[in-house]
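First comes the structure, then the notes that go with it.
This is the structure we're talking about:
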């Protein structure tokens with residue numbers, strides 16, 4: 001790795017030794033008491049500076065450590081499916097209903113064009129939740145009492161309206177701002193319903209968000225129904241409050257939004273015949289820290305780099321287990337942040353070095369042109385990947401871990417090393433049961449076809465370049481910082497653009513998310529994309545010194561949207577910009 | 592890879608493996624019921640003595656942080672890099688926040704070079720940057736300043752860069768201490784946006800008017 005060669009070699013070696021030692025301590029499950037007895041831990045909980053034990057002990061910041069928890073004692077929770085209501089009072093209106101307490105500032109662009117067929121009422125509220133039986137109940141922030149929030153099952157051609165009510169308490173329990181803006185990540189959503197970071201609303205207010213569930217191109221290139229090749233499958237929603245997204249999502253404000261159509265039907269006997277029902281399982285991965293003394297969720301307010309947790313939660317529970325039947329499952333994997341990258345492998349307990357392949361069928365929740373057989377899947381914050389795993393390859397009683405083998409020591413990003421099988425973080429334990437089961441889903445093959453990719457031959461109206469940088473600890477894009485009112489550039493409605501994304505921030509990695517439209521990768525460091533990168537995406541993982549060219553069509557709607565780093569600590573510290581779509585556009589090439 | 596089970600590792604550290612299991616999972620842990628506000632004080636705000644540019648001795652938590660809405664940054668008087676821009680920005684912020692600065696909002700600039708930045712040096716620097724009451728420039732014992740810097744996280748993860756003062760972290764940390772609302776923004780962001788960011792952590796309006804009424 002280029003950046004490592006620039007660093008002090010000896011320190012790098014120390015760091016590796018220390019990381020290995022820490023893993024060994026974790027693997028051996030030494031307690032605080034053991035460490036104190038061995039003279040390796042002070043009463044205050046700091047690792048004593050001892051050669052090779054902790055490279056961090058010699059660095060300026062001490063990272064908090066969670067109390068120990070026994071892994072795999074509780075089953076994986078499955079978030080409930082969101083249920084519509086029959087009516088909303090007051091009735092949703094095109095103009096913001098300010099008098100009734102709506103926080104929206106702009107009229108709905110398409111409410112009459114796509115009248116909602118389903119209405120949802122969602123209150124964001126504090127809830128006491130268990131994340132593990134050995135930890136106390138946690139004061140989390142929820143959608144309707146659920147963490148993660150309920151899963152929406154939406155369909156193309158079936159517009160919905162979600163009324164979000166801010167019922168959060170004044171007392172934030174130590175972190176979090178009770179002021180919210182819910183973003184539907186990857187939605188082809190009109191700006192006023194997108195959850196733009198500055199469209200937040202306060203305690204006691206509500207905000208109607210209109211999701212047309214319409215394919216891109218409906219009012220431009222592919223009228224009247226849009227381009228089927230732009231179909232999306234796995235979306236998620238999360239709080240996007242400017243400056244406070246990391247805290248609010250860390251407290252629980254996130255959930256899944258799944259989109260179905262006549263191909264990805266939600267019924268494994270029809271269309272693409274993808275595993276469905278109880279065999280279609282969303283999983284949000286979040287790493288967290290809990291205060292050693294109080295056992296309560298801990299958010300490091302003094303961290304500028306990116307927060308890593310030492311506890312791995314799946315769907316809101318620390319290291320759960322999941323009993324699976326001997327058949328195919330569709331898993332919808334989402335890195336819920338705030339800052340960790342994952343590389344997931346399937347590790348058989350009885351034979352960790354055995355490579356267990358599976359199918360990756362989507363990138364960022366958009367089905368690939370064809371499934372890809374993979375050994376592992378890497379995702380950074382906010383990236384999604386749908387995987388199909390066939391457990392009939394394992395005998396009943398087999399234990400298989402979902403193991404993250406990507407080494408990451410701090411918020412800068414992964415070190416570049418992949419840990420040996422069995423030495424990573426086992427986030428979830430699959431237990432294969434012998435229950436009889438039918439499987440009507442289709443077996444993926446390399447020649448299975450989903451949606452083809454839209455072409456990239458139309459000439460871009462403009463090419464824009466963005467440098468993601470860091471100066472004196474301050475995150476910036478093209479040398480500037482986020483400001484809600486600063487429109488950095490204007491895109492012409494229904495035009496094609498090419499963007500060049502450059503990571504110029506040295507030893508840092510950035511998952512860059514662009515709202516509203518998906519892109520296709522044209523080049524990564526000058527080379528054509530390969531494998532699962534031949535896809536439609538909404539998060540670009542900018543690795544060290546990487547330069548990526550991406551291709552967009554901005555269609556159908558008008559208004560404001562952001563681009564930002566989805567390491568939410570970087571995002572909250574202004575690594576974000578606002579762009580608007582209007583009818584004319586501008587010609588700024590380095591906005 | 593050596594066999595790293597618990598027994599072997601304990602043996603490596605010279606302990607015999609005669610302890611009870613690594614975790615008594617049935618044993619109900621006693622959790623502290625310390626308030627979040629108190630945990631934040633303990634972790635981030637050591638009650639260290641500092642000296643203001645006016646020569647007044649103050650305690651970091653008791654006198655500067657407690658019960659207030661505060662803005663904190665680090666600088667030093669002969670910094671030629673980002674400091675002048677940030678100080679200029681803070682002067683704009685002070686102006687926009689008006690008379691609330693010094694009443695319930697306070698700005699603190701801590702020197703990263705306490706050995707050179709005496710109260711007198713800081714006082715001259717304050718005059719140069721149009722610092723008004725309610726904005727304090729602070730110095731102290733080098734070790735104490737370093738403790739505060741580390742606690743507040745104004746630290747580069749790369750130790751080599753961290754030692755280079757010209758590369759010091761240019762962010763502002765701002766927060767409402769009693770409401771445990773905290774945030775961070777770049778010190779070089781637009782001043783109007785910094786003001787907005789600070790006021791997003793303000794007390795709710797009814798409480799604010801009560802506080803104003805007491806004055």
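Chains as they are written, first to last, in our numbering: chain A, 1 to 591; chain B, 592 to 806.
The beta carbon of each residue, even a glycine, is placed where N, CA and C say it ideally should be.
**Q.** Residues near residue 517 (chain A) by beta carbon distance below 6 Å, same chain, minus five either side
**A.** 552 and 554
Q. Any idea which residues DSSP pairs residue 650 (chain B) with across the strands?
A. B:640
Q: Could you pull the start and end residues of the alpha helix (DSSP H) that residue 408 (chain A) belongs to?
A: Premise fails: residue 408 (chain A) is in no alpha helix (DSSP H) and is neither H nor E.
Q) Since residue 761 (chain B) meets chain A, which of its residues come closer than 8 Å, beta carbon to beta carbon? A) 471, 472, 473 and 474
Q. Is DSSP giving residue 447 (chain A) helix, strand or coil here?
A. coil
Q) When burial is assigned at 16 or more other CB atoms within 10 Å of the CB, is residue 234 (chain A) buried or exposed? A) buried
Q) Any idea what DSSP makes of residue 127 (chain A), helix, strand or coil? A) strand
(Q) Let me make sure I understand the geometry here. Which of A:175, A:147, A:209 and A:442 has the alpha-carbon closest to that of residue 263 (chain A)? (A) A:442
Q.
Looking only at its chain, what residues have a beta carbon closer than 6 Å to the beta carbon of residue 229 (chain A), apart from the 5 residues adjacent to it on each side?
A. 451, 452 and 454
Q.
What does the alpha-carbon distance come out to for the pair residue 588 (chain A) and residue 512 (chain A)?
A. 20 Å
Q: Take the Cβ of residue 719 (chain B) as the centre, count every other Cβ of all protein chains shown within 10 Å, and call the residue buried at 16 or more, exposed below.
A: exposed
Q.
Taking only three categories from DSSP, how would you classify residue 97 (chain A)?
A. coil
(Q) Can you tell me whether residue 3 (chain A) is helix, strand or coil according to DSSP? (A) Its pLDDT being 39, under 50, residue 3 (chain A) is placed unreliably by the model, and nothing is read from it.
Q. Exposed or buried, what is residue 58 (chain A) when buried is set at 16 or more other beta-carbons lying within 10 Å of its beta-carbon?
A. Because residue 58 (chain A) sits at a pLDDT of 37, beneath the cut-off of 50, its placement in the model cannot be relied upon, and the point is left open.
Q. Apart from the five residues on each side of it in sequence, which residues of its chain come closer than 7 Å, Cβ to Cβ, to residue 298 (chain A)?
A. 64, 289, 290 and 291
Q | Boundaries of the beta strand (DSSP E) in which residue 384 (chain A) is found, first to last residue | A | 384-390
Q) Can you tell me whether residue 337 (chain A) is buried or exposed, with buried defined as 16 or more other CB within 10 angstroms of its CB? A) buried
Q) Taking three-plus beta-carbon pairs below 8 Å as touching, is the segment 657-668 of chain B in contact with the segment 704-720 of chain B? A) yes
Q. When you check each C-beta in the segment 781-796 of chain B against every C-beta of chain A, which residues fall closer than 9 Å?
A. 781, 783, 784, 787, 788, 791, 792 and 795
Q) At which residue ranges does the segment 673-735 of chain B contain complete alpha helix (DSSP H) runs of 4 or more residues, listed in the order of the chain? A) 674-688 and 710-719
Q.
Which residues of the segment 641-671 of chain B have a Cβ closer than 7 Å to any Cβ of chain A? Give them in chain order.
A. none
Q: Would you kindly check if the distance between the Cβ of residue 313 (chain A) and the Cβ of residue 400 (chain A) is under 7 Å?
A: no
Q) Got a sec, what are the start and stop residues for the beta strand (DSSP E) residue 166 (chain A) sits in? A) 160-166
Q.
For a cutoff of 7 Å on Cβ pairs, would you count residue 136 (chain A) as touching chain B?
A. yes
Q: Using three-state DSSP, classify residue 497 (chain A) as helix, strand or coil.
A: strand
Q. Using the beta-carbon count (16 or more within 10 Å), is residue 355 (chain A) buried or exposed?
A. exposed
Q: List the residues that DSSP assigns as beta-bridge partners of residue 184 (chain A).
A: A:237
Q) Does the beta-carbon distance from residue 679 (chain B) to residue 699 (chain B) come in below 7 Å? A) no
Q. What does residue 635 (chain B) reach in chain A if we use C-beta pairs closer than 7 Å?
A. 301 and 302
Q: Could you name the residues of chain A that residue 673 (chain B) contacts, counting a contact when the two beta carbons are closer than 9 Å?
A: 471, 472 and 474
Q) Is it right to say residue 427 (chain A) is buried, meaning 16 or more other beta carbons lie within 10 angstroms of its own, or is it exposed? A) buried
Q. What three-state label does DSSP hand residue 774 (chain B) in the structure shown?
A. strand
Q. Applying a beta-carbon distance threshold of less than 9 Å, which residues of chain A neighbour residue 620 (chain B)?
A. 67, 134, 135, 136 and 295
Q: Would you kindly report the start and end of the unbroken beta strand (DSSP E) that includes residue 221 (chain A)?
A: Residue 221 (chain A) -> no beta strand (DSSP E), and no H or E assigned at all.
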